[in-house]
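Quick note on numbering that gives the first Met the number 0: the sequence shown kicks off at 0 and runs consecutively. Idealized CB from N, CA, C, for every residue including glycine. Predicted model, so just to flag it, every value in this text is computed and none were measured. Working notes for the structure below.
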Amino acid sequence: MLVVNVMHGRGTVSNYGSGYQPVCNRLISELQSENCSYFSFLKSLLSVLEHAVEATEKAQSIVGQSGRVGCRVDAQCLATAQVRLHRVSEEVSTAIQTATASENNEEEISLNFLKQTCNALIRQCFDALYHISNSRRRFNILAEHYTDAFSSISITVLVLVDAITLMRRAHTYVTTGNTVESTTITETRHRISRCMNAACYAIHAVPGSTIRSSVDALGGGCSAPEIREMTCYLLKEAALLSRLIHSREETVNRDCVSYAYFSLENVLRRLLRGLAPSCTDTRFFAAVSQAAMVRASEEYRCFIEGALPSDDDVIRQHNLSLMLLEASAMVYLVNASCAARVQIAGKPDRCACSVLETLDKVQQALSALKGRKKLCVAQSLGDANLCSFITGLVADARRLIDNIDMSALPNPTLHGALLNRTRKILSAAGSLCIRLQCAGDPEYRIPEESGFDSNAWNIPSSHLAAISTIISAIFPNLSLRRS
0 MLVVNVMHGR
10 GTVSNYGSGY
20 QPVCNRLISE
30 LQSENCSYFS
40 FLKSLLSVLE
50 HAVEATEKAQ
60 SIVGQSGRVG
70 CRVDAQCLAT
80 AQVRLHRVSE
90 EVSTAIQTAT
100 ASENNEEEIS
110 LNFLKQTCNA
120 LIRQCFDALY
130 HISNSRRRFN
140 ILAEHYTDAF
150 SSISITVLVL
160 VDAITLMRRA
170 HTYVTTGNTV
180 ESTTITETRH
190 RISRCMNAAC
200 YAIHAVPGST
210 IRSSVDALGG
220 GCSAPEIREM
230 TCYLLKEAAL
240 LSRLIHSREE
250 TVNRDCVSYA
260 YFSLENVLRR
270 LLRGLAPSCT
280 DTRFFAAVSQ
290 AAMVRASEEY
300 RCFIEGALPS
310 DDDVIRQHNL
320 SLMLLEASAM
330 VYLVNASCAA
340 RVQIAGKPDR
350 CACSVLETLD
360 KVQQALSALK
370 GRKKLCVAQS
380 LGDANLCSFI
390 TGLVADARRL
400 IDNIDMSALP
410 NPTLHGALLN
420 RTRKILSAAG
430 SLCIRLQCAG
440 DPEYRIPEES
450 GFDSNAWNIP
460 SSHLAAISTI
470 ISAIFPNLSL
480 RRS
């Protein structure tokens, strides 16, 4: 059974990172508001680092247990990472002891430590991340016999990313007085998260029988739910690594992030190769995962090269396509459950038909963007018409969702949450399209000379009227007319 935290739009298993809650945002906020002294901050940082050391030791212990069959995690790499993290922890501990011994200079000593030593400690943590990633270079989810080693390493990465981010933001704050990150970076992280969310939803649509046969073929020993859980852990890690994207990060640290991400991508590719494409659901997961990896890889490569995207038209196209990809994955998951119920009942029901129609609308919108690198509505009549087309489709999809009886879904709580999340994403996608249209022409119209043919696009005239109504409601002073 799928258990996802859809209420916050995170397509991940709900127990990911159980036992540890990231503290970076809270501590940095307290530091800025002067509700946390520099000395107290160091003690909190030490606690995070000690947790990272313990998590690494636990993973190393699990991997090193005698009699472990089919465990492809390198214990020596974990041991090296543990040594690196222990050194960092010791340095912070020594700084705390020094500050404690100097009763009147606690704050000054702590502040100087954050200013002068943080970068060196961050480098060591990135080195530990490299070795943790290297420990899974031969990992194959379908061939594994145990989940605990993989899960322990994933939690180690969660804590380590929190520690690195905590030190990086603290160092930036004490040296520049600023912790606000650029919109470009935050949007990049958001796009990467959407990629991983979509793939996580999609893996849960793959039938258990397909997963079991693939596991048997590779001699593995994990169940289908365990395979799904490990896959979602992997995807969550890939999204977590985006927190390490900073505009002024050192090259060697960027390389460590790159290695960590592409190591995870290799594990996912092994999973895709191992899953027999025996049914539509499996092929859908493969298609979504491939699209997600391509987009996320491009985002990470731009970061590694120090050239995050700056072309607004490109960024908008990426944002729109990933909104639709995530929405498509969620609706597909609901549709798979509805289809299974229909197959058992031997006849379609109204709820299943509405979900299927919603999926069709979302996938049409996503397909319309295929092959496009940017949306330049201000200069292209074709792009303007495309935005109009997509606006109509997402509006139709939203209306369909609004009319679905959530209590009639196979799993009302889960599927209702997924569809509500989809509705929000579609609203954002529709708003983006409308903003693009209005930015392209303050007196937006669809010129006849563009050769626009609503029949060719299968858009009923009522949909065009609906678009006009939506725009008029948002922009009451805007004149929408056809030339």
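Leaving aside the five residues that flank His85 on each side, the residues in its chain whose CB is nearer than 6 Å to its CB run, in chain order, Val52.
The C-alpha of Ala80 lies about 20 Å from the C-alpha of Ser241. Boundaries of the alpha helix (DSSP H) around Cys194: Thr182 to Ile202. Burial check for Thr175: the Cβ neighbour count within 10 Å stays below 16, so the residue is exposed. For Lys360, the closest C-alpha among the options Ser134, Cys375, Ala328 and Cys337 is that of Ala328.
In terms of Cβ geometry, Leu165 and Ser92 do not form a close pair [threshold 8 Å].
DSSP, read as helix, strand or coil, puts Thr178 in coil. Scanning the stretch 223–275 from its first residue to its last, the whole alpha helix (DSSP H) runs of 4-plus residues come out as 223–239 and 250–273. The stretch 228–246 and the stretch 156–171 touch, with no fewer than 3 CB-CB distances between them shorter than 8 Å.
If you draw a straight line from the Cα of Arg25 to the Cα of Tyr129, it is about 27 Å long. The beta carbons of Ile27 and Tyr172 sit closer together than 8 Å. DSSP places Leu374 outside both helix and strand once states are collapsed to three, so it counts as coil. Our two residues, Glu298 and Leu365, have alpha carbons roughly 19 Å apart in a direct line.
Judged by DSSP secondary structure, Arg135 falls outside any alpha helix (DSSP H); it is assigned neither H nor E.
Rounded to whole angstroms, the gap between the alpha carbons of Ser88 and Ser43 is 11 Å. Inclusion of Glu106 and Gly219 in the CB contact set at 8 Å is not warranted, their separation being larger than that value.
Shortest Cα-Cα distance from Leu41 to any of Ile61, Arg247 and Asn111 involves Asn111.
Taking a cut-off of 8 Å on C-beta distances, the stretch 271–288 does not touch the stretch 147–155, as fewer than three cross pairs fall below it. Here Ser336 is buried, its C-beta having at least 16 other C-beta atoms within 10 Å. With a cutoff of 8 Å on beta-carbon distance, Leu319 and Ala428 are scored as near each other. Take the alpha-carbon of Ala291 and the one of Val62: they are about 30 Å apart. DSSP places Ser101 in the coil class of the three-state scheme, outside both helix and strand. In this structure, Thr155 and Thr55 form a Cβ contact; the two beta carbons are roughly 5 Å apart against a cut-off of 8 Å.
In the displayed model, Glu29 falls within a helix according to three-state DSSP. For the alpha helix (DSSP H) assignment, the uninterrupted runs of no fewer than 4 residues enclosed by the stretch 303–373 are, from N- to C-terminal side, 311–344 and 349–367.
Boundaries for Glu143: no alpha helix (DSSP H) harbours it, and the DSSP string shows neither H nor E there.
Judged by DSSP secondary structure, Val393 falls within the alpha helix (DSSP H) whose first and last residues are Leu380 to Asp401. Judged by DSSP in its simplified three-state form, Pro409 adopts coil rather than helix or strand.
Each of Val341, Ser192 and Gly370 was checked against the Cα of Ala295, and the nearest Cα belongs to Ser192.
Going by DSSP, Thr116 is part of no alpha helix (DSSP H) at all; its letter is neither H nor E. For Asp404, the closest alpha carbon among the candidates Leu374, Cys350, Gln363 and Ile226 is that of Cys350. In this structure, the beta-carbon distance from Gln363 to Leu324 does not fall below 8 Å. According to the DSSP assignment, Arg211 belongs to the alpha helix (DSSP H) that extends over Gly207 to Ala216. Around the beta carbon of Glu228, 16 or more other beta carbons lie within 10 angstroms, which makes this residue buried. In this structure the stretch 113–130 touches the stretch 252–264; the number of beta carbon pairs closer than 8 Å is three or more.
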